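Here the structure is laid out as structure tokens; the discussion comes afterwards.
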Amino acid sequence: MSNVVDLNLDTDEIELKLENSPGVQKIQYAKISRLKFSEGSVKKWFKVKQFRIIEVHVRGNDTPFIISGDRVKTLEQMEPYLRQMAEKHNVIIEA
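Okay, so the sequence shown: first residue is 49 according to our numbering, each after it adds one.
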């Protein structure tokens, strides 16, 4: 798994800044095989915090890129645009 710490959504590609990588990974929407949307939780102090998780599965790559709401703070605003671009480029969306 490759954890994403920042992302930029363009009209034809996604730019991902990975946790342990110095550069930016650019992925075209046409190369994405599927997007899997789910929820996760983490315990902070005495509360359990819920957040969104998006797994980006790329053709030819065995490990998915993990975009989680606890690392990428703007994920809630970017999720509708990502879904729209995925539908436009015929990417499979799993819930």
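We put the CB at the ideal spot given by N, CA and C, even for glycine.
Note that the structure is a prediction, hence the values are computed from the model and not measured.
Buried or exposed for Ile6, going by 16 or more other Cβ atoms inside 10 Å?
Absent from the structure is residue 6, since the part of the chain shown begins at 49 and ends at 143.
Tell me the DSSP bridge mates of Ser86?
On the sequence shown, position 38 is the one that residue 86 refers to. DSSP, once it has assigned bridges, lists Ile101 as partnering Ser86.
Which first and last residues belong to the beta strand (DSSP E) in which Glu67 is found?
Taking the first residue of the sequence shown as position 1, residue 67 is located at position 19. From DSSP, Glu67 is part of no beta strand (DSSP E); its letter is neither H nor E.
Is it right to say Tyr77 is buried, meaning 16 or more other beta carbons lie within 10 angstroms of its own, or is it exposed?
Position 29 of the sequence shown, counting from 1, holds the residue named residue 77. Tyr77 should be labelled buried.
Quick one: grab the DSSP three-state call for Lys121.
Here residue 121 is taken as the residue at index 73 of the sequence shown, counted from 1. Coil, per DSSP.
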